[in-house]
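Beneath this line is the structure, given in structure tokens, with notes to follow.
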Amino acid sequence: MKISARFFIMSALIELVCIAGLLLVFHFLIIPWHTETVKIKAAETVSAVQAALEKSGTPRIEARRIAGTIPSIHDDSIFNEMKGKYYLAVFALFIVATFILILISLDIYRHIISPISLIASGFYAAAKKPGGQPDSLTYQNDEIGELAREYKLMSEKIESMAIEMAEREKNIIRLEEEAKKSLVEKIDERTLELEEINRELKSRSEELQKIREVSIESEARHRALAESTFDVSCETDIGGNYLYISPNNEELLGFKPDEMLGKNFSEFVHPQDIHIAFGAFQKGLNGLKAEATLRFLHKNGHYIWIESTGGFYQTASGEIRAIIVSRDISVRRKQDEELFESEKMAALNNMANGLAHDFNNIITCVGGNVALLKKCLPQNEKACEIVGRIEKILTKASRLTKKLVSDSFGDTLNLCAADVNVLIKSAFKSVFDGGEYKTRYNLELKEGLWAAEADESQALQMIVNIVKNSAESMNKEGDIEVKTENLIVFDNDPSLVKAGRYVKITVRDSRGEIDIQTASKMLDPYFLKERQKDGLELYNSYSIVKNHNGYLTVNPLGDKGAVFTILMPALQDQAKSAAEVSAQSRAKAEMKKARVLLMDDDEEILQSLNENLVEEGYLVNTSVNGEDAFKIYKSCLESGTPFDVVVLDLIVPGGLGGAETIKKISEIDPGVRAIVSSGYSNDPIMAEHQKFGFSGVIAKPYEIKTLCEIIDSLCSEKV
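Those letters in the sequence shown? Residues 21 to 739, per my numbering, in order.
Shown next, in the form of structure tokens:
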């Protein structure tokens, strides 16, 4: 519906509403109010008239008549007439208002509604076709004309802008198409590139996945190897701080991996070996092979020997890491030390035994000649004194060679239940009773000490040697402390001592400063320090302890001296009684005409023995080897003049020795009486001569008197 029609309808409605409102107001408000007012005024008028009449003296009847002439307030005709007048006035007002409203509406329509309609028509026309706005309105000089003129300008601008926008839209569409085409081309190119990159990434991803799988597998394999091997594997940073430690470290060092992680390896290395550890670390950083043998701290406080080898690598972030593999070599090192010590002692023993053998031959030869000289010399006091001195020297030399052989191979042990406390007291009494030493000593001897399974005489000599060595090393002054205790060693003990029960003896002295190198050589033979008289004391003690399957060690105490630790096996079973040695009485043969065959590779010994035995009244034949001795024995046996006793040297270099010779002689004369002789007093044949066919044994050097006693004893048994 157009705005003009709406305007007329609205005007009519407004007019009708106004008329209806007026009618309602007049009918329900004004007319009733006016009627009531009139009634009230009429009543007041009547009352006033009556009052006035009464006041004036007018008779009541006259007064009522006069009052009756006044219209009654109850007369409806009067009021209906009044209503008709009111309605007529309202209608007249309605006619006037309607006319005025029509005039106003026409003016509004002409000056407002119609121009607005024209403007609206112009907008509609402009919407359909640019430039279709009404030009007639632009000539008006009112607001509508100004609005029409502004609208025309705006329409022209809008039309221009519309044309420009249309052009721009075409350009935009063209640019969009070009951009879209270019973008599609670039997208296609980029898609191809991305597809290629995707293929490469996929290929690399597959390679990385394979590498990752291989790396994971390798890491798992190496971790399994590290955790399943007996060796300990660890990883450190360039500063030596632990980053990883394999679980078996607890078996090696007693520490759980968590207890060492984050700590520096120098906290666990022996202070004297830290420079070795850092030296190996530096070698590894320089690309050299990093190896080290050093001592590591065990959780229980002692140090164990560790052999470590390692290498370095660089992480992806550029950090330097070290991989170190370590193993416990305490047992191997102890075995190497024992092997070295054993080989050293074997070499020394062989040398000592060889020297003793040669010296025994010399002493035997010299002793025999001295005995002959003594018989041949006139009864000269001076000559007898000189010969006596020579015999004493020979006796001393003989004891020395026997000591060398004893230290080398050990004498036969007469084991028994030895009271070590008693032996220590006896040793100190033996050393200090003479007043030669001014050394102070303190004995802490444990009550209830186990009995040691030992040869008492050798154990006593061992203690005496150590005490004398300490006293002499302190210039006969100082302090010696001795302590005894019971000791049980279990399997896998860090000290590597064989498991069992031991009697432990600790001898501590104050001899002054001793370093590790000196302490390691103190048990070697002839390792003499100043003020010491004998170079075999400690070596002899070491040999005795070793022959008892015990342990003897020397440890330095810095500038405070040294401490000797002796472990003697405790008696495991019931106490063993000392070996009873029965004194065998040997009757001297009454007949001095016994036939004796001597065999020795040393002609000087043969000559000396021959002359001495002849002087004693024996019939003697000599031979320098076993072959000749067998021939001589066989010849005399076949001729009916057999030998009563044969004295055979055990070892004949390059010829038939005593053992082979007695075997051949026994084949032709099972009743042969033979004596084996040797400077190797610890040879098994010397120890068990009867098993090898000999009836007697004599160790060089020996006195002629001793040999004669054995010969006479065998001759008496034969008779």
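Where is the CB? At the ideal position from N, CA and C, for every residue including glycine.
Any idea which residues DSSP pairs Asn575 with across the strands?
-> Working through the sequence shown from its first residue, we reach residue 575 at position 555. Its beta-bridge partners are Val583.
In angstroms with no decimal places, state the Cα-to-Cα distance between Lys720 and Val386.
-> Residue numbering aside, residue 720 sits at position 700 when the sequence shown is read from its first letter. Residue numbering aside, residue 386 sits at position 366 when the sequence shown is read from its first letter. Their backbone Cα atoms lie some 12 angstroms apart in a straight line.
Those runs of the beta strand (DSSP E) which lie wholly inside the region 443-488 and span at least 3 residues = Within the region 443-488, the beta strand (DSSP E) runs of at least 3 residues that lie entirely inside it are, in chain order, 460-464, 472-474.
Let me know the secondary structure DSSP gives Phe741 once reduced to three states.
-> Here the chain covers residues 21 to 739 and nothing more, so residue 741 does not appear.
Report the three-state DSSP secondary structure of Ile625 (helix, strand or coil).
-> Looking up residue 625 in the sequence shown gives position 605. Residue state, collapsed to three classes: helix.
Distance, Cα to Cα, Glu687 vs Ser715?
-> For the purposes of this step, residue 687 is taken as the residue at position 667 of the sequence shown. For the purposes of this step, residue 715 is taken as the residue at position 695 of the sequence shown. If you take the alpha carbons of Glu687 and Ser715, they lie about 16 angstroms apart.
Which partner residues of Ala71 appear in the DSSP bridge assignment?
-> Against the sequence shown, residue 71 aligns to sequence position 51. In DSSP, Ala71 forms no bridge with anything.
Euclidean distance between Cα positions of Gln592 and Lys466 | As a first step, residue 592 is located in the sequence shown; it is residue number 572 there, counting from the start. As a first step, residue 466 is located in the sequence shown; it is residue number 446 there, counting from the start. C-alpha separation (whole angstroms): 19 angstroms.
CB Tyr638 to CB Leu670, shorter than 8 angstroms?
-> What you label residue 638 is simply residue 618 of the sequence shown in a count that begins at 1. What you label residue 670 is simply residue 650 of the sequence shown in a count that begins at 1. Contact: no.
What does a CB cutoff of less than 7 angstroms around Met482 pick up in its chain, not counting 5 residues either side in sequence?
-> Taking the first residue of the sequence shown as position 1, residue 482 is located at position 462. Correct list, in chain order: Ser561, Ile564, Val565.
Can the beta-carbon of Gly713 be found less than 8 angstroms from the beta-carbon of Gly677?
-> Taking the sequence shown and counting its residues from 1, the one referred to as residue 713 is at position 693. Taking the sequence shown and counting its residues from 1, the one referred to as residue 677 is at position 657. Against a cut-off of 8 angstroms, the Cβ pair of Gly677 and Gly713 comes out as no contact.
Nearest to Gly520 (by Cα), restricted to the options Thr526, Arg528, Val509, Val527 = In the sequence shown, residue 520 corresponds to position 500, counting from 1. Taking only the C-alpha atoms, the option nearest Gly520 is Val509.
Could you spell out where the alpha helix (DSSP H) holding Phe298 opens and where it closes?
-> Numbered from 1 along the sequence shown, position 278 holds the residue referred to as residue 298. DSSP places Phe298 in the uninterrupted alpha helix (DSSP H) bounded by 294-305.
Report yes or no: do three or more beta-carbon pairs, one from the region 523-534 and one from the region 569-584, lie closer than 8 angstroms?
-> Yes, the region 523-534 is in contact with the region 569-584.
Pair within 8 angstroms by beta-carbon distance, Ile652 and Ser643 = What you label residue 652 is simply residue 632 of the sequence shown in a count that begins at 1. What you label residue 643 is simply residue 623 of the sequence shown in a count that begins at 1. A contact, by the Cβ cut-off of 8 angstroms.
Going by alpha carbons, who is nearest to Gly675 out of Val665, Ala649, Asp689?
-> Within the sequence shown, the letter at position 655 stands for residue 675. Its Cα nearest to that of Gly675, the residue Ala649 stands out among Val665, Ala649, Asp689.
For my contact list, Val451 and Ala491 are in at a C-beta cut-off of 8 angstroms; report their separation, rounded to the angstrom.
-> Taking the sequence shown and counting its residues from 1, the one referred to as residue 451 is at position 431. Taking the sequence shown and counting its residues from 1, the one referred to as residue 491 is at position 471. Going by Cβ atoms, the distance from Val451 to Ala491 rounds to 7 angstroms, so yes, they are a contact pair.
Whole-number beta carbon distance between Val390 and Ile410, since they are thought to touch under 8 angstroms | On the sequence shown, residue 410 is found 390 positions in, with the first residue counted as 1. On the sequence shown, residue 390 is found 370 positions in, with the first residue counted as 1. About 5 angstroms separates the two Cβ atoms, so the contact holds.
Endpoints, beta strand (DSSP E) assigned at Tyr559 = As a working note, residue 559 is residue 539 in the sequence shown. For Tyr559, no beta strand (DSSP E) encloses it; the enclosing alpha helix (DSSP H) starts and ends at 557-567.
Taking only heavy atoms of the ligand GDP into account, decide whether any of them is closer than 7 angstroms to the Cβ of Pro721.
-> Of ligands this structure carries none, so the ligand GDP is not represented either.
Could you tell me which of Lys412, Tyr461, Asn284, Ile382 sits nearest to Ile625, measuring between CA atoms?
-> Within the sequence shown, residue 625 is the residue found at index 605, counting from 1. Comparing Cα-Cα distances from Ile625 to each of Lys412, Tyr461, Asn284, Ile382, the minimum goes to Ile382.
For Trp325 and Thr313, the rounded distance between their alpha carbons | Translated into the one-based positions of the sequence shown, residue 313 becomes position 293. Translated into the one-based positions of the sequence shown, residue 325 becomes position 305. If I take the Cα positions, the gap works out to 7 angstroms.
In the DSSP assignment, find the alpha helix (DSSP H) that holds Phe650 and state where it starts and stops.
-> Here the question's residue 650 lines up with position 630 in the sequence shown. Boundaries of the alpha helix (DSSP H) around Phe650: 646-658.
So what's Lys725 in DSSP terms, helix, strand or just coil?
-> For the purposes of this step, residue 725 is identified with residue 705 of the sequence shown, where counting begins at 1. Annotated three-state conformation of Lys725 is helix, per DSSP.
Per DSSP, what kind of secondary structure is Glu411 in: helix, strand or coil?
-> If you number the sequence shown from 1, residue 411 lands on position 391. Here Glu411 sits in helix by DSSP.
Is the region 252-272 in contact with the region 332-348, if contact means three or more CB pairs nearer than 8 angstroms?
-> With a cut-off of 8 angstroms, the region 332-348 and the region 252-272 count as touching, because enough Cβ pairs lie within range.
According to the neighbour-count rule (16 or more other Cβ atoms, all chains shown, within 10 Å of its Cβ), is Ala599 buried or exposed?
-> Residue numbering aside, residue 599 sits at position 579 when the sequence shown is read from its first letter. Because the pLDDT at Ala599 is just 31, under 50, the model does not fix this residue reliably, and the value given afterwards should be weighed accordingly. Label assigned to Ala599: exposed.
Helix, strand or coil: how does DSSP classify Ala336 here?
-> Taking the sequence shown and counting its residues from 1, the one referred to as residue 336 is at position 316. If DSSP states are grouped into helix, strand and coil, Ala336 belongs with coil.
State buried or exposed for Thr211, treating a residue as buried only when at least 16 other CB atoms are found within 10 Å of its CB.
-> Residue 211 sits at position 191 when you count from the first residue of the sequence shown. Exposed is the call here.
List the endpoints of the continuous alpha helix (DSSP H) containing Met542.
-> Along the sequence shown, read from residue 1 onward, the residue named residue 542 stands at position 522. Where Met542 is concerned, there is no enclosing alpha helix (DSSP H), given that its DSSP letter is neither H nor E.
Nearest to Asp544 (by Cα), restricted to the options Glu557, Leu507, Gly532 = Here the question's residue 544 lines up with position 524 in the sequence shown. Of the listed residues, the one whose Cα sits closest to Asp544 is Glu557.
Limits of the beta strand (DSSP E) - the one that Ser686 falls within = Numbered from 1 along the sequence shown, position 666 holds the residue referred to as residue 686. Annotation: Ser686 is outside any beta strand (DSSP E); the continuous alpha helix (DSSP H) that includes it extends over 678-688.
8 angstroms Cβ cutoff met for Ser286 and Ile296 | Within the sequence shown, numbered from 1, the residue matching residue 286 stands at position 266. Within the sequence shown, numbered from 1, the residue matching residue 296 stands at position 276. No, the pair does not count as a contact, with Cβ atoms beyond the cut-off.
Could I get the ranges of all uninterrupted beta strand (DSSP E) runs contained in the region 202-276, with 3 residues as the minimum, in chain order?
-> Assignment of beta strand (DSSP E) within the region 202-276, counting only whole runs of 3 or more residues, yields 252-257, 262-265 in chain order.
Smallest Cα separation from His568: which of Met185, Leu43, Asn434?
-> Against the sequence shown, residue 568 aligns to sequence position 548. Nearest of Met185, Leu43, Asn434 to His568, Cα basis: Asn434.
Met619 lies in the beta strand (DSSP E); which residues open and close that run?
-> The residue labelled residue 619 in the question sits at position 599 within the sequence shown. Element bounds for Met619: 615-619.
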